[in-house]
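Protein chains: 2
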Amino acid sequence: MSIRPLPVTFMNQMADVLKVMGHGYRLRIVEFLDLHGPTPAHVLLAALGGAQGLLSQHLAKLRQAQVIQAERRGKEVWYTLDTPAATTILNCMRKRQGALQ
Amino acid sequence: MSIRPLPVTFMNQMADVLKVMGHGYRLRIVEFLDLHGPTPAHVLLAALGGAQGLLSQHLAKLRQAQVIQAERRGKEVWYTLDTPAATTILNCMRKRQGALQ
DNA sequence: ACGATATATCATTATGTTACGATATGTCAA
DNA sequence: TTGACATATCGTAACATAATGATATATCGT
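Listed in order, the protein sequences are those of chains C and L. In terms of my numbering, the first sequence opens at residue 1 and continues consecutively. In terms of my numbering, the second sequence opens at residue 1001 and continues consecutively.
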């Protein structure tokens, strides 16, 4: 039972997801959501720092790539991880921590 | 035993790896090496297509991020996957294929 | 030393990304 | 409806990346 190459279009989709996660700030957003579950943006802002507009832009990119989901609750917008792929990649990183540095 | 946030410097390193893999052509290079093992560049070129100089540039990026390793054997340069993280990410993608689309 | 093959690098252009500051929108409470 | 809070978007400058065509380097056989 040999492993076949994945379809090129699928590879390109996955490349987009990897690319979006391939940014320190966004990766920290993803990690925070993985550790703490659904979180409103202002809590992310307090935890991660930086300018409000910048956080919003990064959240938008993660949303576009369907890595996270947004849901408004009153004044707040709550963000949630939307793909188990993100958690899998994080866990892979956690396992490797120490081995790479 | 709760999971702690990964160190920021480590996160940034991993973000670089994800970013480098976040490109369709490079992702296909990584997949090919994962499926076929060590491979000389001209075989990759025949398999993946594109301009020779472009392949070389992408290989250089993957090398810089320590995703692959290069070893000259005579006229050829053989490339090998250098981090199990790449295989883990690929396997994650394989599991998810079909679920995303 | 020469030609052929394999790979890397360079210069350039086009395009995309990031961060910043400012401004706009949405929601609620008084 | 006004103010306060939460979030999103816009314009822009700095910077990074991608692809192309051309050229350079490396290795081998003759």
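Built from N, CA and C at the ideal position, the CB exists for glycine as well. Treat the numbers as computed from the prediction; the structure is a model and nothing was measured.
*Determine which residues of the region 1066–1099 of chain L have a Cβ less than 7 Å from any Cβ of chain C, and write them out in chain order.*
Here the close residues are A1085, T1088, I1089, C1092, M1093, R1094, R1096 and Q1097.
*With a floor of 3 residues, list each beta strand (DSSP E) that falls wholly inside the region 1028–1069 of chain L, ordered by position along the chain.*
The qualifying runs do not exist here; there are none.
*For chain C, is any of its Cβ atoms less than 8 Å away from the one on L:L1062?*
no
*Would you please verify whether the beta carbon of C:H42 is less than 8 Å from any beta carbon of chain L?*
no
_Residue-level contact to chain C via CB, L:G1037, 8 Å cutoff_ = no
*Taking all protein chains shown into account, decide if L:E1071 is buried (16 or more other Cβ within 10 angstroms of its Cβ) or exposed.*
L:E1071 is exposed by the Cβ-count criterion.
*Look at the alpha carbon of C:L18 and the alpha carbon of L:G1022, and state the distance between them as a whole number of angstroms.*
5 Å
_Sequence-distant residues of the same chain with beta carbon closer than 6 Å to C:T9, five excluded per side_ = Once the five neighbours on either side are set aside, C:T9 has no close Cβ partner at all.
_I need the boundaries of the beta strand (DSSP E) containing C:T88, first residue and last residue._
Counting along the chain, C:T88 falls outside any beta strand (DSSP E), though it belongs to the alpha helix (DSSP H) covering P84 to R96.
*Under 7 Å from any heavy atom of the ligand COA, does the C-beta of C:A60 make it?*
With respect to the ligand COA, the structure offers nothing, as it holds no ligand at all.
*Do L:R1094 and C:L6 have their CB atoms nearer than 8 Å?*
yes
*Go to C:L81, then tell me how far its beta strand (DSSP E) extends in each direction, as first and last residue.*
E76 to L81
*Kindly indicate if chain C contains any beta-carbon less than 8 Å away from that of L:A1051.*
no
*Exposure of L:Q1013, with buried meaning 16 or more beta-carbon neighbours within 10 Å*: With 16 or more other Cβ atoms within 10 Å, it is buried.
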